[in-house]
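Just below is one structure, and these are the notes that go with it.
Number of protein chains: 2
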Amino acid sequence: MSGDDRERAILAAAEAMLAQRTLDEISIDDLAGAAGISRPTFYFYFASKDAVLLQLLDRVIAEVDRRGAAVIPDTSAASPDFANAINVFVEVFAEHRGVTVATVAARLSSPAIQELWSISMQRWVDHVAEVIAAEQERGAAPRGIDPHHLSTVLNTMNEQVLSATFTRTVPFVPTDEVGAILHATWRRAIYGR
Amino acid sequence: MSGDDRERAILAAAEAMLAQRTLDEISIDDLAGAAGISRPTFYFYFASKDAVLLQLLDRVIAEVDRRGAAVIPDTSAASPDFANAINVFVEVFAEHRGVTVATVAARLSSPAIQELWSISMQRWVDHVAEVIAAEQERGAAPRGIDPHHLSTVLNTMNEQVLSATFTRTVPFVPTDEVGAILHATWRRAIYGR
DNA sequence: CACGCTATCAACGCTGTGTCGACTGAACCA
DNA sequence: TGGTTCAGTCGACACAGCGTTGATAGCGTG
């Protein structure tokens, strides 16, 4: 087994385990064992557990961006399609719920994860803010809330609502309705009154 | 110094430290030291760090409920006052931001904190859901989103937006505007279109 | 064939947690 | 007054998990 295979094995083991338990219920020994190596050898491939999660998160974010590029609401569109964009988020994060949930927890303790998540969030927030501003510009959406602030709270809402739904932390909204509920709330918050 | 004094000293030390650093940057040794006792003696008073946080959180929730009772929107009110209710949340949690931030982190690992937070959230969600339902009933708010689901996403949004604001985790909205922004978003989400 | 590079791990030291057993002193009887 | 109880205290231990060091083994390549 080559080095690349080992690295892949660690990542695969981590994602599989994260589907079952928290990151800090997983020891480096567990990961190493699942990849067929000893703990010190783990450090040859990754500097820490967080570094593994960081790489998993990086993939997930790349997938969101890739699948999102096709459907992300356009500033120039007459009536931007938020529903599809939100659906991409819901679907991709649901497919990787272990990584998603672990990220939400780990970003509070790991600066690296914090930063990666932060940068991605900012990109999404900025883009949505532009779309909202354009809608206000053309009179389709009312002014009254700063587009960037509104975009921030809506994106933050999505993040936490999805995390709660995935972990079934009451109160939460059902998985199969979460996309529709979020979208309806966005539409009202952006276009309402 | 009596036993009760020691217990109070531990709680006070914990809240003071939480204003500066994370719960898991605080060791039991730190808490014991600050309260003038040794680590084993700490266990005479609390079963764990989480138990200390649990008690601090309990107080904060009690304060929210006490100060909230006066202003919580009434189902029978002609036009419920969400602004004041949200302000109570913002103010009380801001006064105890250390405890608030630690709670958001610890509930992912501590079942006891999870449960206390969960139960309180559910109470707030249920109450707001009733108010929304009443508003829909009397025709002041449009139907289209289930009141309980809407209440869930709005309360979840508040929780996360406040946490992000307190930790200054970008993207976040400024502290002095967060109440107004949340309230404006609630109003649109409940009454909009 | 020797040099360097990848890959590996036994063994170590460290930090933090939680427990056990023994000790102290004050209050409360008998 | 002298024993008993009990809240309060801590030294010392065992343990889990992290991260590092240093030594080793194999493989390719000039």
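Going line by line, the protein sequences match chains Z and X. Counting in my numbering, the first sequence runs from 42 upward without gaps. Counting in my numbering, the second sequence runs from 42 upward without gaps. All C-beta atoms in this analysis are idealised placements derived from N, C-alpha and C, irrespective of residue type, glycine included. Remember, it's a predicted structure, so these values are computed and weren't measured experimentally.
Cutoff 7 angstroms; reference residue i; Cβ partners in own chain excluding five residues on either side
{"i": "residue 220 of chain Z", "result": "127, 128, 131"}
{"i": "residue 56 of chain Z", "result": "97, 139, 140"}
{"i": "residue 223 of chain Z", "result": "127, 199, 202"}
{"i": "residue 147 of chain X", "result": "64, 91, 94, 154"}
{"i": "residue 109 of chain X", "result": "126, 129"}
Distance between beta carbons of residue j and residue i, contact taken as under 8 angstroms
{"i": "residue 159 of chain Z", "j": "residue 145 of chain X", "result": "Incorrect: roughly 16 angstroms between the Cβ atoms, too far for contact."}
{"i": "residue 73 of chain X", "j": "residue 87 of chain X", "result": "Contact doesn't hold; Cβ gap of about 10 angstroms is too wide."}
{"i": "residue 76 of chain X", "j": "residue 100 of chain X", "result": "Not quite, the Cβ-Cβ distance comes to about 17 angstroms (not below 8 angstroms), so this is no contact."}
{"i": "residue 157 of chain Z", "j": "residue 98 of chain Z", "result": "6 angstroms"}
{"i": "residue 234 of chain Z", "j": "residue 179 of chain X", "result": "Actually they do not touch by this definition, with Cβ atoms about 17 angstroms apart."}
{"i": "residue 150 of chain Z", "j": "residue 63 of chain X", "result": "7 angstroms"}
{"i": "residue 231 of chain X", "j": "residue 182 of chain X", "result": "5 angstroms"}
{"i": "residue 44 of chain X", "j": "residue 225 of chain Z", "result": "Actually they are not in contact, since the Cβ atoms of residue 44 of chain X and residue 225 of chain Z sit about 54 angstroms apart, beyond 8 angstroms."}
{"i": "residue 67 of chain Z", "j": "residue 80 of chain Z", "result": "Wrong, their Cβ atoms sit about 13 angstroms apart, outside the cutoff."}
{"i": "residue 121 of chain X", "j": "residue 176 of chain X", "result": "7 angstroms"}
{"i": "residue 153 of chain Z", "j": "residue 91 of chain Z", "result": "6 angstroms"}
{"i": "residue 229 of chain X", "j": "residue 229 of chain Z", "result": "6 angstroms"}
Partners in chain X for residue i, counting only beta-carbon separations shorter than 9 angstroms
{"i": "residue 222 of chain Z", "result": "186, 187, 190, 191, 193, 194"}
Three-state secondary structure assigned by DSSP to residue i
{"i": "residue 212 of chain X", "result": "coil"}
{"i": "residue 108 of chain X", "result": "helix"}
{"i": "residue 81 of chain X", "result": "helix"}
{"i": "residue 234 of chain X", "result": "coil"}
{"i": "residue 188 of chain X", "result": "helix"}
{"i": "residue 206 of chain X", "result": "helix"}
{"i": "residue 121 of chain Z", "result": "coil"}
{"i": "residue 67 of chain X", "result": "coil"}
{"i": "residue 113 of chain Z", "result": "coil"}
{"i": "residue 183 of chain Z", "result": "coil"}
{"i": "residue 218 of chain X", "result": "coil"}
{"i": "residue 137 of chain Z", "result": "coil"}
{"i": "residue 164 of chain Z", "result": "helix"}
{"i": "residue 151 of chain Z", "result": "coil"}
{"i": "residue 42 of chain Z", "result": "coil"}
{"i": "residue 47 of chain X", "result": "helix"}
{"i": "residue 61 of chain X", "result": "coil"}
{"i": "residue 159 of chain X", "result": "helix"}
{"i": "residue 76 of chain X", "result": "coil"}
{"i": "residue 87 of chain Z", "result": "coil"}
Cβ-based neighbour list, residue i, same chain, cut-off 6 angstroms, excluding 5 preceding and 5 following
{"i": "residue 125 of chain Z", "result": "112"}
{"i": "residue 60 of chain X", "result": "139"}
{"i": "residue 102 of chain X", "result": "161"}
{"i": "residue 58 of chain Z", "result": "67"}
{"i": "residue 143 of chain Z", "result": "59, 64, 94"}
{"i": "residue 104 of chain Z", "result": "133"}
{"i": "residue 116 of chain Z", "result": "171, 172, 175"}
{"i": "residue 54 of chain X", "result": "72, 75, 76"}
Contacts that residue i makes with chain X (C-beta to C-beta distance below 7 angstroms)
{"i": "residue 200 of chain Z", "result": "201"}
{"i": "residue 229 of chain Z", "result": "229, 230, 233, 234"}
{"i": "residue 94 of chain Z", "result": "Residues of chain X passing the Cβ test: none, with the nearest at roughly 14 angstroms."}
{"i": "residue 225 of chain Z", "result": "185, 186"}
{"i": "residue 144 of chain Z", "result": "Ordered by position in chain X, no residue passes the 7 angstroms Cβ test against residue 144 of chain Z, which lies about 11 angstroms from the chain."}
Amino acids of chain X, ordered along the chain, whose beta-carbon sits closer than 8 angstroms to that of residue i
{"i": "residue 58 of chain Z", "result": "Result: empty, since nearest Cβ-Cβ is about 16 angstroms, beyond 8 angstroms."}
{"i": "residue 218 of chain Z", "result": "190"}
{"i": "residue 65 of chain Z", "result": "150"}
{"i": "residue 166 of chain Z", "result": "212"}
Under 8 angstroms by beta carbon: chain Z residues contacting residue i
{"i": "residue 163 of chain X", "result": "211, 212"}
{"i": "residue 159 of chain X", "result": "210, 211, 212"}
Same chain only: Cβ atoms within 8 angstroms of residue i, ignoring 5 sequence neighbours per side
{"i": "residue 227 of chain Z", "result": "123, 127, 195"}
Within chain Z, partners of residue i - CB distance below 7 angstroms
{"i": "residue 175 of chain X", "result": "None at all; the shortest Cβ gap to chain Z is about 18 angstroms."}
Flag this pair as touching only if the stretch 207-222 of chain Z and the stretch 127-139 of chain Z have three or more C-beta atom pairs under 8 angstroms; answer yes or no. Touching, yes, given that three or more Cβ pairs across the two stretches are closer than 8 angstroms.
Kindly confirm or deny that the stretch 165-178 of chain Z and the stretch 187-196 of chain Z touch, where touching means at least three C-beta pairs closer than 8 angstroms. Output reads yes: the stretch 187-196 of chain Z touches the stretch 165-178 of chain Z.
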